[in-house]
Amino acid sequence: MNPLPPAFSDWFRARGWQPHPHQRAMLARAEDAATLLIAPTGGGKTLAGFLPTLVDLAKNPRAGLHTLYISPLKALAADMRRNLTGPIADIGLDIRVDDRSGDTSQTRRKAQRADPPHILLTTPESLALLLSYEDAPRLFAGLARVVVDEVHALAESKRGDQLMLLLTRLEALAPGLRRVGLSATVEDPPALARYFHAPGAAVLHADPGPSPDIRMLATEAPPPWSGGGGRYAIAEVLAEVKRHKTTLIFHNTRAQAEIFFHHLWLANDETLPIAIHHGSLAREARERVEAAMLRGDLKAIVCTGTLDLGLDWGDVDLVIQIGAPKNVKRLVQRIGRANHRYNAPSKALLLPANRWEVIECQAAIEAALAHDLDGEPRGAGPRDVLCQHILIRACSGPFDAADLYAEVSRAGPYAALSRAQFDACLDFVATGGYALRAYDRWQRLKQRPDGLWQLRDPRSTQLIRMNLGTIQDSDTLKVRMRGHRGPLGEVEEAFAAALTPGDTFLIGGQIVRFESLHEMHVEVSRDRGRKPKVAVFMGTKFSTSTQLSARVLDLLHRDDLSALPGHTRDWIALQAEVSRLPRAGRVLVESFRFEGRAQTCIYGFAGRGAQQTLGLLLTRRMEVAGLAPLGFVASDYATLIWSLDPMTDPAALLDPEGLRDGLEGWLAENALMKRAFKAAATIAGLTPRNFPGKRANARQATFSTDILYDTLRKYDPDHLLLDITREEAMRGLIGFGRIEEMLARTRARVDHVVLDRVPPFAAPLFLEVGKVPVEGAGAEALVAAEAARLMAEAGLA
296 MNPLPPAFSD WFRARGWQPH PHQRAMLARA EDAATLLIAP TGGGKTLAGF LPTLVDLAKN
356 PRAGLHTLYI SPLKALAADM RRNLTGPIAD IGLDIRVDDR SGDTSQTRRK AQRADPPHIL
416 LTTPESLALL LSYEDAPRLF AGLARVVVDE VHALAESKRG DQLMLLLTRL EALAPGLRRV
476 GLSATVEDPP ALARYFHAPG AAVLHADPGP SPDIRMLATE APPPWSGGGG RYAIAEVLAE
536 VKRHKTTLIF HNTRAQAEIF FHHLWLANDE TLPIAIHHGS LAREARERVE AAMLRGDLKA
596 IVCTGTLDLG LDWGDVDLVI QIGAPKNVKR LVQRIGRANH RYNAPSKALL LPANRWEVIE
656 CQAAIEAALA HDLDGEPRGA GPRDVLCQHI LIRACSGPFD AADLYAEVSR AGPYAALSRA
716 QFDACLDFVA TGGYALRAYD RWQRLKQRPD GLWQLRDPRS TQLIRMNLGT IQDSDTLKVR
776 MRGHRGPLGE VEEAFAAALT PGDTFLIGGQ IVRFESLHEM HVEVSRDRGR KPKVAVFMGT
836 KFSTSTQLSA RVLDLLHRDD LSALPGHTRD WIALQAEVSR LPRAGRVLVE SFRFEGRAQT
896 CIYGFAGRGA QQTLGLLLTR RMEVAGLAPL GFVASDYATL IWSLDPMTDP AALLDPEGLR
956 DGLEGWLAEN ALMKRAFKAA ATIAGLTPRN FPGKRANARQ ATFSTDILYD TLRKYDPDHL
1016 LLDITREEAM RGLIGFGRIE EMLARTRARV DHVVLDRVPP FAAPLFLEVG KVPVEGAGAE
1076 ALVAAEAARL MAEAGLA
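Numbering (this note's numbering), first residue to last: 296 to 1092.
Okay, here's the thing in structure tokens:
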């Protein structure tokens, strides 16, 4: 084992610390080709990843870039710089550290390339940009190590797939490069190790530490039957905030965070210092909140996923999750923000937003305590990302196709990529494909007489670099206060277009009044004391994971339900008495009439996206069968369809082959496919969004890709981008894979129950149907009256 140099031992001892076993183990593995360290939040993962770098540079001083640190968040890279410079100065090391992201000034970026620091902290997008420059071989020639933080978070999106391709490029420029991956929440370590390093990285497990202190928040009022946001428990949440030093209050969507913060502030009679933090707020606003947290100035922060990862946020001693977490890994990551210290139990409270979420929250608590993490299987690397990587490689200079194929097939997600698939991507990047090769704008590469490929027009590098990355910008507009230059944040363009002067909405916890819409921003003024509209912020609407759904189904059938509150136990018992409880191995279908219409409720427990797709497919098949479907609504657990005539043979309509045939026909014309095509075309470089001096707005970009989509479907139906679009839609956008998983799990076995009343489990879905905007002070009373009527119908009054 490599010994810790005296200066480092003295530094630990001066603080009363001892290196953790996994930190010493990482030092001993300093020469390993690839290591994946799995350690709990607050377990010193980052220091473990950097310790070999610091020791090596202390023993063997040198110039040039030694270690690259890559994180999914810009703020995490900046925070890491602060955390590293302290120990480096204390130990007396001559090591330069700098960070680079989209927020870094052009002057600093040029300086970093001309005279690189020993340690550069960056993001996947900034690394892609660096590798696109002609001087990349000089900059990275001496690179010895790359440390990737929060690998699990990156692996869940195309950012991770792109990063794995970039790492293979780095290895080609710096043979012998060593990889270190850091993660806290991993459901399948061997699979993540193969993803991180195609041959498979060695996996090092740290002591997981004590189990978290996690439970549901007890409330005086029961949760509502439907909806989200947790407003019914504002008083209890505020009481917990008062009892703790700093509380993070997590929400699953930005809009819900804004609503909750608004009502929390209205109830904050003692004017406790509380703030809000999410991705639609201006960077300056987020940085002010982060600085206040680090100083310990805030009692509570209402937030979203922007505070999920790696940053050490001061004296946070409680996490409250509002609404079911939908994913156990996300829950574990979030509760790890509290008591962010090694071997200190995290403390968290879950607040279900509605009655179904009471069951889901209990299932999530049990999964977290059992260290039973969830995750979807990782598919093959997406080819639109590969197309962009080919463009990145071309920007840095001519390349040999065989060499590049050998490079990319060493990346974990692309290990199974065939040469034919690679050549198809290369042909697309070079010519645009069969239907587009006649147009000069898509002729981007050419092959030289010596066989090497290069850019057809070297001037195109600027346009390519301006559009690097896989993060799809939401179609948003900046919100600016009248008379002020800096933005408050941003809202979706579709929301802004629907506003009329005088309309009010929430942003950053304050009510603002819409004044006018300019080309690239929304102008507002302050508005006090009025009920606001709610901004439709861009953000993921999570579906409950497959594993968590399975736990919910298991929980329903237990003999002992004492872990659940009395009102939920009574609800489950009444469902069992009136109808049946859904089972893991079968699909429960309930048929009944309500308000003169035939109603069908299908319990698939496949997640919201899949249940919505199931509704679309079934109503399409019902139309063909002459049942006259009128509409549907879906939740994470069920799909409710109303029609003129009843569904008498649900097993036939749920036939897997019939559903798949219906899917193909439905997809061809569906707007979701055009949305998937737009994303793939943007990433693959076919339809750039950013141009020198201007940016295509959402309407222009959508119009352009819609025309391309229709053209390719007509004249080149086997075009690479259409193939990619179909893959993307099947795998993620529409959730059909979850439907197939549900049908395979149940083998299409159906329990069909015909009832003469609204069944208890179906009743909350009617409140989803009835959610229409009602203006005025009586809105909540009307909704409450409708809920009471429905629940009485279901025997739940």
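Note that CB positions come from ideal geometry on N, CA and C, so glycine has one too.
Per DSSP, what kind of secondary structure is residue i in: helix, strand or coil?
i, result
"Gln313", "coil"
"Ala570", "strand"
"Pro300", "coil"
"Ala905", "helix"
"Ser811", "strand"
"Lys828", "strand"
"Tyr729", "coil"
"Ala675", "coil"
"Pro518", "coil"
"Ser838", "coil"
"Glu1070", "Reliability fails at Glu1070, whose pLDDT of 38 lies under 50, so the model's placement of it is uncertain and the value that follows must be treated cautiously. Glu1070: coil per DSSP, three-state reduction."
"Met942", "coil"
"Phe927", "strand"
"Lys741", "strand"
"Ala706", "coil"
"Glu787", "strand"
"Val700", "One detail in the question is off: residue 700 reads as Tyr in this sequence, not Val. Correct three-state label for Tyr700: helix."
Could you pull out every residue in the same chain whose Cβ sits closer than 8 Å to the Cβ of residue i, ignoring the five residues on either side in sequence?
i, result
"Gln318", "Gly339, Leu342, Ala343, Leu346"
"Gly1071", "The pLDDT assigned to Gly1071 is 37, lower than 50, so where the model puts this residue is not dependable, and the model offers no usable value."
"Arg310", "none"
For residue i versus residue j, is the C-beta distance shorter than 7 Å?
i, j, result
"Pro519", "Asn649", "yes"
"His539", "Asp603", "no"
"Lys594", "Ile569", "yes"
"Ile1019", "Arg714", "no"
"Val350", "Arg376", "no"
"Val481", "Ala488", "no"
"Ala975", "Leu1016", "yes"
"Leu939", "Leu1060", "no"
"Asp1051", "Leu883", "no"
"Leu981", "Leu424", "no"
"Arg705", "Ala493", "yes"
"Asp508", "Lys642", "yes"
"Ser874", "Pro1012", "no"
"Leu645", "Met511", "yes"
So is residue i buried or exposed if we call it buried at 16+ other beta carbons inside 10 Å?
i, result
"Arg549", "buried"
"Ile685", "buried"
"His500", "exposed"
"Ser304", "exposed"
"Asp456", "buried"
"Glu890", "exposed"
"Arg324", "buried"
"Trp937", "buried"
"Ala534", "exposed"
"Pro620", "buried"
Less than 6 Å between C-beta atoms, sequence neighbours within five positions excluded: which residues of the same chain meet that for residue i?
i, result
"Val442", "Gly344, Tyr364, Val475"
"Ala439", "His361"
"Phe1056", "Gln870"
"Gly834", "Here the model assigns Gly834 a pLDDT of 49, short of 50, so the residue's position is not dependable and the matter cannot be decided."
"Met1025", "Phe1031"
"Pro367", "Glu445, Ala448, Leu449"
Looking only at its own chain, which residues have a Cβ that is under 7 Å from the Cβ of residue i, when we skip the five neighbours before and after it?
i, result
"Gly1095", "The shown model of the chain, from 296 to 1092, leaves out residue 1095, and the question about it has no answer."
"Ser396", "Lys369, Ala372, Thr417, Thr418, Ser421"
"Ala696", "Leu721, Trp748"
"Tyr700", "Arg714, Phe717"
"Leu958", "Leu912, Phe1031"
"Ala587", "Ala570, Leu593"
Would you mind working out which of the options sits nearest residue i, comparing C-alpha positions?
i, options, result
"His361", "Pro951, Leu561, Ala436", "Ala436"
"Arg846", "Pro877, Glu818, Ser820", "Pro877"
"Glu810", "Gly778, Ile529, Thr841", "Gly778"
"Leu731", "Ala334, Ala1039, Thr1006, Gly674", "Thr1006"
"Ile386", "Lys453, Asp854, Arg308", "Arg308"
"Ala328", "Ala467, Leu472, Pro432, Asp394", "Leu472"
"Thr463", "Val703, Gly803, Ala486, Asp502", "Val703"
Compare the C-beta of residue i against all C-beta atoms of chain B and say whether one is closer than 7 Å.
i, result
"Leu561", "Judged by its chain identifiers, the structure shown contains no chain B, having just a single protein chain."
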